[in-house]
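Some notes on the structure that comes next.
Number of protein chains: 2
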Amino acid sequence: MPIQELKKYSSQVKTGQNFSAFDAGSLEDLFQYELQHPRLNRTVKGKLFLREILDLTSMQVSLNRLPAGAAVPFIHKHKQNEELYIFIKGNGQMQVDGETFDIKEGTVVRIAPDGGRVWRNNSSEDLYYIVIQGKDGSLSQDTFDDGIPLETPPSW
Amino acid sequence: MPIQELKKYSSQVKTGQNFSAFDAGSLEDLFQYELQHPRLNRTVKGKLFLREILDLTSMQVSLNRLPAGAAVPFIHKHKQNEELYIFIKGNGQMQVDGETFDIKEGTVVRIAPDGGRVWRNNSSEDLYYIVIQGKDGSLSQDTFDDGIPLETPPSW
Numbered sequence: 484m485p486i487q488e489l490k491k492y493s494s495q496v497k498t499g500q501n502f503s504a505f506d507a508g509s510l511e512d513l514f515q516y517e518l519q520h521p522r523l524n525r526t527v528k529g530k531l532f533l534r535e536i537l538d539l540t541s542m543q544v545s546l547n548r549l550p551a552g553a554a555v556p557f558i559h560k561h562k563q564n565e566e567l568y569i570f571i572k573g574n575g576q577m578q579v580d581g582e583t584f585d586i587k588e589g590t591v592v593r594i595a596p597d598g599g600r601v602w603r604n605n606s607s608e609d610l611y612y613i614v615i616q617g618k619d620g621s622l623s624q625d626t627f628d629d630g631i632p633l634e635t636p637p638s639w
Numbered sequence: 484m485p486i487q488e489l490k491k492y493s494s495q496v497k498t499g500q501n502f503s504a505f506d507a508g509s510l511e512d513l514f515q516y517e518l519q520h521p522r523l524n525r526t527v528k529g530k531l532f533l534r535e536i537l538d539l540t541s542m543q544v545s546l547n548r549l550p551a552g553a554a555v556p557f558i559h560k561h562k563q564n565e566e567l568y569i570f571i572k573g574n575g576q577m578q579v580d581g582e583t584f585d586i587k588e589g590t591v592v593r594i595a596p597d598g599g600r601v602w603r604n605n606s607s608e609d610l611y612y613i614v615i616q617g618k619d620g621s622l623s624q625d626t627f628d629d630g631i632p633l634e635t636p637p638s639w
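Okay, structure coming up:
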């Protein structure tokens, strides 16, 4: 079951043999995206999942705008996946296993699968963030160990 | 070998049994972070890797600010890892396997390991973006399949 109506976006995805690219629009316009949330049984605005649009195979990612004063109404854990929250604008609070701390632009939070997590925007401006999940323990190597520089220079 | 001097940041990381959190500062202040780039053999400013700071196990992630007019000087591929680029402010161009396209706030680009990629900021304002890498094909399930909602409500 697709999380969002992919047909709406598939024609806008630019693809090549080794890539797919999508212009989601400015972050302020994230409210244009909505999904029918299976747990809340209502439409949620301001959340765009990227895995299905881009055919990601190692991660699920969402772009998020949470309105001023809004709170996620339930705590959740994960079965297999680690999550990373990157807050890019605004202020709020996060609670993990009952411990509360402030979040703001530039706060990054890793949560292991078993961490009970919830967050809220207890400020007067909207909160923007990116959530990434990947299978816990799946990364073998990265960056300079995994990258291969090519001799050929860019063509521009 | 640590990519960045972790000792500088480790005392600022808040940790619990199932999480780690770090305040990287506002995005405009990303130039405070620098690393000795092993390929360029010089210091690069405006790139902060998060895996080592947060003990991430499923992904490497960097927060980036690329100055107006700057270009990454080499194309690279990956051995195992898929990459996702999320552009959050500014304008520029990306090239994958020789195909060039524009990037801007809200552009998201998935690149398979074998894609030869490079990007530049050919604008007059700085370009902000997040790069995530995960092991290609490693994700089994996500979001509503992997999440477990708890009955206990948040304590706030």
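Residue numbers (the numbering used here), protein chains in the order written: chain A, 484 to 639; chain B, 484 to 639.
Every residue, glycine too, gets a C-beta built ideally from N, C-alpha and C.
Apart from sequence neighbours up to five positions away, the residues of its chain that approach B/Gln563 with a beta-carbon distance below 7 Å are Pro596, Lys618 and Asp619, ordered along the chain. When secondary structure is reduced to three states using DSSP, A/Leu513 falls in the helix class. Look at A/Arg534 here: in three-state DSSP terms it is helix. Closest by C-alpha distance to A/Glu566, out of B/Gly508, B/Asp585 and B/Leu533, is B/Leu533. The beta carbon of B/Glu565 sits closer than 8 Å to some beta carbon of chain A. With its beta carbon less than 8 Å from one in chain A, B/Thr583 belongs to the interface.
Rounded to whole angstroms, B/Val591 and B/Gln624 show a C-alpha spacing of 21 Å. Comparing C-alpha distances from B/Asp609 to each of B/Gly552, B/Asn524, B/His559 and B/Thr635 shows the shortest one belongs to B/Gly552. Residues of chain B with a Cβ closer than 8 Å to the Cβ of A/Arg548 do not exist; the shortest Cβ-Cβ separation is about 12 Å. Between the C-alpha atoms of A/Gly575 and A/Ala507 there is a straight-line separation of about 24 Å. Taking C-alpha positions only, A/Lys497 is separated from B/Gly599 by approximately 16 Å.
For A/Phe627, the uninterrupted alpha helix (DSSP H) segment begins and ends at Thr626 to Asp629. In the three-state DSSP reduction, A/Lys497 falls in the strand class (E or B).
Close to B/Thr590, with beta-carbon spacing below 9 Å, are these residues of chain A in chain order: Ala504, Phe505, Asp506 and Ala507.
Proximity of B/Ser638 to chain A, defined by a Cβ-Cβ separation below 8 Å, is satisfied. At a C-beta separation below 9 Å, A/Val544 has these neighbours in chain B: Leu567, Ile569, Val591 and Ile615. Using a Cβ distance threshold of 8 Å, A/Glu511 and B/Leu510 do not count as a contacting pair.
With a contact defined as Cβ atoms closer than 8 Å, A/Thr526 and B/Trp639 miss out at about 24 Å. Against A/Thr635, the close residues of chain B are Ile558, in the order they occur along the chain (beta-carbon pairs closer than 7 Å).
Apart from sequence neighbours up to five positions away, the residues of its chain that approach A/Gln543 with a beta-carbon distance below 7 Å are Phe532, Arg534 and Gln616, ordered along the chain. Not one beta carbon of chain B lies nearer than 8 Å to the beta carbon of A/Asn524. DSSP lists A/Val527 as the bridge partner or partners of A/Leu518. Ranked by Cα distance from A/Arg593, the first of B/Gln495, B/Thr540, B/Asn605 and B/Gln515 is B/Thr540. Residue environment: A/Lys530 is assigned as buried (16 or more neighbouring CB atoms within 10 Å of its CB, all protein chains considered). With a threshold of 8 Å between beta carbons, B/Val527 makes no contact with chain A. Using a Cβ-Cβ cut-off of 8 Å, B/Leu610 does not count as an interface residue toward chain A, since no Cβ of chain A sits closer than that to its own. Excluding residues up to 5 positions away in sequence, Phe505 and Ile536 lie with their Cβ nearer than 8 Å to the Cβ of A/Tyr492 in the same chain. The beta carbon of A/Gln515 lies closer than 7 Å to those of Gly508 in the same chain, with the five residues before and after it left out. A/Glu566 has A/Ile594 and A/Gln616 as its beta-bridge partners, per DSSP.
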